[in-house]
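Peer 1:
Numbering (mature numbering (1 follows the signal peptide of the UniProt record, and there is no 0)), first residue to last: -21 to -1, 1 to 55.
(1) Have a look at residue 45 and residue 32 and give me their C-alpha separation to the nearest angstrom.
(2) Roughly how many angstroms lie between the CA atoms of residue 49 and residue 41, to the nearest whole one?
(3) Which two residues bound the contiguous alpha helix (DSSP H) that contains residue 46?
(4) Quick one: grab the DSSP three-state call for residue 31.
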């Protein structure tokens, strides 16, 4: 009985101590490309600038094949 009380007390002590160390348990993170205005915008609060991505339009054969595969996978 006494061993169980000591074990529970030790576990309680360790658990209570781990709650205090959360704010100190952080690895330094220098970040990547922090000065990139293309990724982060003019400031950290600004929205990033998006690059215009243009896709080539698919020809008729490709469109038919895409629709066949879609109908095969997801029949209505």
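Glycine included, C-beta positions come from ideal geometry on N, C-alpha and C.
Peer 2: Reading it off the structure:
(1) Straight-line Cα distance between these residues: approximately 21 Å.
(2) Across the structure, residue 49 and residue 41 are spaced so that their CA atoms are roughly 12 Å apart.
(3) Residue 46: member of the alpha helix (DSSP H) spanning 39 to 52, first to last residue.
(4) Reduced to three states, the DSSP call for residue 31 is coil.
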